[in-house]
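Engineer: Residue numbers (my numbering), protein chains in the order written: chain A, 1 to 113; chain F, 1001 to 1116. No residue lacks a Cβ here, since even glycine has one placed at the ideal position from N, Cα and C.
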């Protein structure tokens, strides 16, 4: 079965500096990979998704992620953090032959002024 | 895409009672999912609910505790039965879209449940 590991439970950056949220996945089939963001007391919002097309995926709010099969990674990056980026981020894997998505434990991003 | 609404958005319940959460989708979908997000935790899949068949429960979740209905292609309910404080969580409804051959799931806003 598929699974994801988010390597950092908490990441803290200063406003204007780069963001890196790390995710490794395990999958027996060609996976689909997603990043979701959850702001406090808000629902889940899809940031971006990888579905076997281009390995560098651009999402909303300036985020992007690169699918690296050799490293089984799908790290999320943003060149310059904004205060509004402070939230919980979830890496998610889904196998086309499976019917569900498996969530990572989440990474809490803190952005300092 | 799919727009999902849930009722209630939040509730505070007494131990031993039951709560039924409703999930309404603005389009017909085959597959619906119910997730639980315990405080400070990630999402855990409770069950998959397909219209016209019994729900499929994940390990650690049973039908007696979390009965699910799926009467049509746009609606589902999840009941949290005989509640205890450990059931305090956010419960999320989700639907799957396979348009274009790709997996994508959309999530409802969640129901925040507090059990006293």
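So which of A:93, A:85, A:110 and A:109 has the shortest CA-CA distance to residue 1045 (chain F)?
Structural biologist: Along the second chain, read from residue 1 onward, the residue named residue 1045 (chain F) stands at position 45. The candidate whose alpha carbon is nearest that of residue 1045 (chain F) is A:93.
Engineer: Nearest-angstrom Cα distance between residue 1053 (chain F) and residue 19 (chain A)?
Structural biologist: Start at 1 with the first residue of the second chain, and residue 1053 (chain F) comes out as number 53. Start at 1 with the first residue of the first chain, and residue 19 (chain A) comes out as number 19. Rounded to the nearest angstrom, the two C-alpha atoms are 44 Å apart.
Engineer: Put residue 1082 (chain F) into one of helix, strand or coil per three-state DSSP.
Structural biologist: Your numbering for residue 1082 (chain F) matches position 82 in the second chain. DSSP places residue 1082 (chain F) in coil when its eight states are reduced to three.
Engineer: Check distances from the C-beta atoms of the segment 48–59 of chain A to those of chain F and list, in chain order, the residues that come in under 8 Å.
Structural biologist: Per Cβ criterion, the list reads 49 and 51.
Engineer: Look up residue 31 (chain A) in the DSSP assignment and give the residues it is bridged to.
Structural biologist: Here residue 31 (chain A) refers to the residue found at position 31 when the first chain is read from its first residue. Beta-bridge pairing links residue 31 (chain A) to A:95.
Engineer: Residues of chain A with CB closer than 7 Å to the CB of residue 1105 (chain F), please, in chain order.
Structural biologist: Numbered from 1 along the second chain, position 105 holds the residue referred to as residue 1105 (chain F). Within chain A, the residues near residue 1105 (chain F) are 101.
Engineer: Taking residue 22 (chain A) and residue 7 (chain A) to be in contact with their CB atoms under 8 Å, please state how far apart those CB atoms are, rounded to whole angstroms.
Structural biologist: As a first step, residue 22 (chain A) is located in the first chain; it is residue number 22 there, counting from the start. As a first step, residue 7 (chain A) is located in the first chain; it is residue number 7 there, counting from the start. Right, the Cβ-Cβ distance comes to about 4 Å (below 8 Å), so this counts as a contact.
Engineer: Any beta-carbon of chain F closer than 8 Å to the one on residue 7 (chain A)?
Structural biologist: Indexing the first chain from 1 puts residue 7 (chain A) at position 7. So no, residue 7 (chain A) is outside the interface.
Engineer: Short of 7 Å in beta carbon distance, which residues of its chain neighbour residue 1047 (chain F), apart from the five on each side in sequence? Order them along the chain.
Structural biologist: As a working note, residue 1047 (chain F) is residue 47 in the second chain. Counting only Cβ-Cβ distances below 7 Å, and skipping sequence neighbours, we find 1034, 1055, 1056, 1057, 1058, 1061, 1066 and 1068.
Engineer: Please work out which residues of its chain come closer than 6 Å, Cβ to Cβ, to residue 101 (chain A), disregarding the five sequence neighbours upstream and downstream, and give them in chain order.
Structural biologist: Within the first chain, residue 101 (chain A) is the residue found at index 101, counting from 1. Answer for residue 101 (chain A): 92 and 94, listed in chain order.
Engineer: Step through the CB atoms of chain F and report whether any lies within less than 8 Å of the CB of residue 105 (chain A).
Structural biologist: In the first chain, counting from the first residue as 1, residue 105 (chain A) sits at position 105. For residue 105 (chain A), the answer is yes, since a Cβ of chain F falls inside 8 Å of its Cβ.
Engineer: Do residue 1006 (chain F) and residue 1111 (chain F) have their CB atoms nearer than 8 Å?
Structural biologist: Here residue 1006 (chain F) is taken as the residue at index 6 of the second chain, counted from 1. Here residue 1111 (chain F) is taken as the residue at index 111 of the second chain, counted from 1. Cβ distance < 8 Å, so residue 1006 (chain F) and residue 1111 (chain F) count as in contact.
Engineer: Check whether the segment 1004–1021 of chain F touches the segment 49–57 of chain A, counting contact only when three or more Cβ pairs, one atom from each stretch, lie closer than 8 Å.
Structural biologist: Short answer: they don't touch.
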